[in-house]
Amino acid sequence: MTTPLLKLSGLGIRFGGLVALDAVDLTVAPSTITCIIGPNGAGKSTLFNLITGIYRPTSGTVALQGDPITGLPAHRIAARGIARTFQSSRLFEDLSILDNVIIGMHGRTRTDVLTALLRPAKSRRELEACAAEAETILRGISDELFARRYQPAGILPQADRRRLEIARALASHPKLILLDEPSSGMDDRDTAALMADIRRVMADNPGLSFLIIEHDMRLVAELPDNVVVIDYGKKIAEGDFATVRQLPRVQQAYLGQKAVEHA
Ligand SMILES: Nc1ncnc2c1ncn2[C@@H]1O[C@H](COP(=O)(O)OP(=O)(O)OP(=O)(O)O)[C@@H](O)[C@H]1O
Ligand SMILES: [Mg+2]
1 MTTPLLKLSG
11 LGIRFGGLVA
21 LDAVDLTVAP
31 STITCIIGPN
41 GAGKSTLFNL
51 ITGIYRPTSG
61 TVALQGDPIT
71 GLPAHRIAAR
81 GIARTFQSSR
91 LFEDLSILDN
101 VIIGMHGRTR
111 TDVLTALLRP
121 AKSRRELEAC
131 AAEAETILRG
141 ISDELFARRY
151 QPAGILPQAD
161 RRRLEIARAL
171 ASHPKLILLD
181 EPSSGMDDRD
191 TAALMADIRR
201 VMADNPGLSF
211 LIIEHDMRLV
221 AELPDNVVVI
231 DYGKKIAEGD
241 FATVRQLPRV
251 QQAYLGQKAV
261 EHA
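In the UniProt record's numbering, the protein residues as written are 1 to 263.
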């Protein structure tokens with residue numbers, strides 16, 4: 001059996017008296033898409049914060065390609081190959097689209113302030129290489145974003161902002177990309193385009209996997225290889241969407257939310 005890309009074992013965190021996540025086991029294989037679903041407040045974003053080192057777990061372990069990364073600081077985990085986007089867009093609005101992608105390379109590049117001052121030619125060469133690579137990444141995501149690469153990111157509509165965030169995540173050369181509700185604020189057409197983007201990125205980057213928190217059940221029905229359901233901090237179901245959505249405990253968790261029944 002091949003080593004899983006990501007393996008969570010008994011992962012949990014408490015905030016005072018609240019158990020936000022309780023003993024979650026999860027395995028992600030290379031070149032796969034996993035969707036995390038569950039009602040509001042279930043603990044989905046908390047799971048991402050544990051995997052990426054924003055929170056330290058109070059129990060359990062996280063392993064990336066068999067190496068323990070539990071409790072490492074966020075920048076070390078990012079450097080190991082886990083990139084993410086946030087539930088609310090976090091672009092540098094005043095910087096250009098291209099610069100927002102280049103920022104994603106931080107952690108990989110060697111140019112620091114001292115090198116820039118003492119070895120200007122060297123750091124300029126490195127910056128030029130970064131810009132060239134950022135252009136390639138943008139072109140791979142969207143011809144339109146590439147054409148507008150010198151414009152400020154702040155002018156982009158919602159769907160293109162999400163796209164740019166994925167481009168920025170790709171710039172860190174990740175093995176795993178975590179997307180927190182990428183389709184929020186998108187209409188049907190944008191969501192279909194987002195799915196096509198993700199599939200294209202997967203095809204262009206062998207081995208790369210996605211872990212995606214989603215509320216849009218059309219996306220969850222179509223895109224992932226595996227669906228994981230979280231409710232009150234616990235993993236209550238896992239499998240393909242057609243099977244998972246029929247389970248009484250999943251229906252129960254969504255009672256009043258209607259989302260699963262209407263997919
Ligand atoms: N830093 C924190 N301190 C205290 N409680 C927290 C903290 N972070 C998250 N929580 C709590 O943990 C629970 C899970 O929150 P989380 O944001 O992970 O939910 P979610 O599944 O992402 O919900 P949504 O679908 O609304 O985004 C909530 O009750 C939340 O209030
Ligand atoms: Mg959330």
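Heads up, the beta-carbon is just placed ideally off N, CA and C, and yes, glycines get one too.
Query - Coil, strand or helix - Thr52 by DSSP - result: Of the three classes helix, strand and coil, the one that applies to Thr52 here is coil, per DSSP.
**Report entry** For Ser209: DSSP bridge partner residues
**Finding:** Note: Ser209 sits in a beta bridge opposite Leu176.
Query raised in the report: Which residues bound the alpha helix (DSSP H) around Arg84?
Result: Counting along the chain, no alpha helix (DSSP H) covers Arg84; the unbroken beta strand (DSSP E) around it starts and ends at Ile82 to Arg84.
**Report entry** Simplified DSSP state of Ser142, which is helix, strand or coil
**Finding:** Shown here, Ser142 sits in coil according to DSSP, grouped into three states, outside any helix or strand.
Query raised in the report: Can you name, in chain order, every residue of its own chain whose Cβ lies under 6 Å from the Cβ of Ala42, other than the five neighbours on each side?
Result: Within the same chain, Ala42 has close Cβ partners Ile230 and Asp231.
Query raised in the report: What does DSSP give as the partner residues of Ala63 in its beta bridges?
Result: Ala63 is bridged to Lys7 and Pro68.
Query raised in the report: What residues in its chain sit with their C-beta under 7 Å from that of Ile69, if we drop five residues either side in the sequence?
Result: Same-chain partners within the cutoff: Val62, Ala63, Ile77 and Arg80.
Query raised in the report: Which partner residues does Asp231 have in the DSSP bridge list?
Result: Paired residues: Lys234.
Report task. Could you check if Gly66 is buried or exposed, using at least 16 other CB atoms within 10 Å of its CB as the buried criterion? Result -> By the 16-neighbour rule on beta-carbons within 10 angstroms, Gly66 is exposed.
Report task. Buried or exposed for Phe210, please, with buried defined as at least 16 other CB atoms from any protein chain shown within 10 angstroms of its CB. Result -> By the Cβ-count criterion, Phe210 is buried, with 16 or more other Cβ atoms from all chains shown falling within 10 Å of its own Cβ.
Query raised in the report: Just reading off the beta strand (DSSP E) that Ala20 is part of, what are its end residues?
Result: Per DSSP, Ala20 belongs to the beta strand (DSSP E) from Leu18 to Val28.
Query raised in the report: Under the three-state reduction of DSSP, which class applies to Phe15: helix, strand or coil?
Result: Phe15 falls in the strand class under three-state DSSP.
Query raised in the report: Going by alpha carbons, who is nearest to Met195 out of Ser9, Asp22, Ile33 and Leu145?
Result: Minimum Cα distance to Met195 is reached at Ile33.
Query raised in the report: Do the stretch 162-176 and the stretch 100-107 meet, that is, are 3 or more Cβ pairs less than 8 Å apart?
Result: Touching, yes.
Query raised in the report: For ligand 1, any of its heavy atoms closer than 8 Å to the Cβ of Ser45?
Result: Yes - ligand 1 has a heavy atom lying nearer than 8 Å to the Cβ of Ser45.
**Report entry** Three-state secondary structure assigned by DSSP to Pro57
**Finding:** Annotated three-state conformation of Pro57 is coil, per DSSP.
Report task. Mind checking which residues open and close the alpha helix (DSSP H) that includes Ile103? Result -> Residues Ile97 to Ile103.
Query raised in the report: Rounded to a whole number of angstroms, what is the C-alpha to C-alpha distance between Ser96 and Asp197?
Result: Each residue's alpha carbon lies about 21 Å from the other.
Query raised in the report: Per DSSP, what kind of secondary structure is Pro152 in: helix, strand or coil?
Result: It is a strand residue.
Query - In DSSP terms, what Asn226 is bridged to - result: Residue pairing from DSSP places Asn226 in a beta bridge opposite Thr34.
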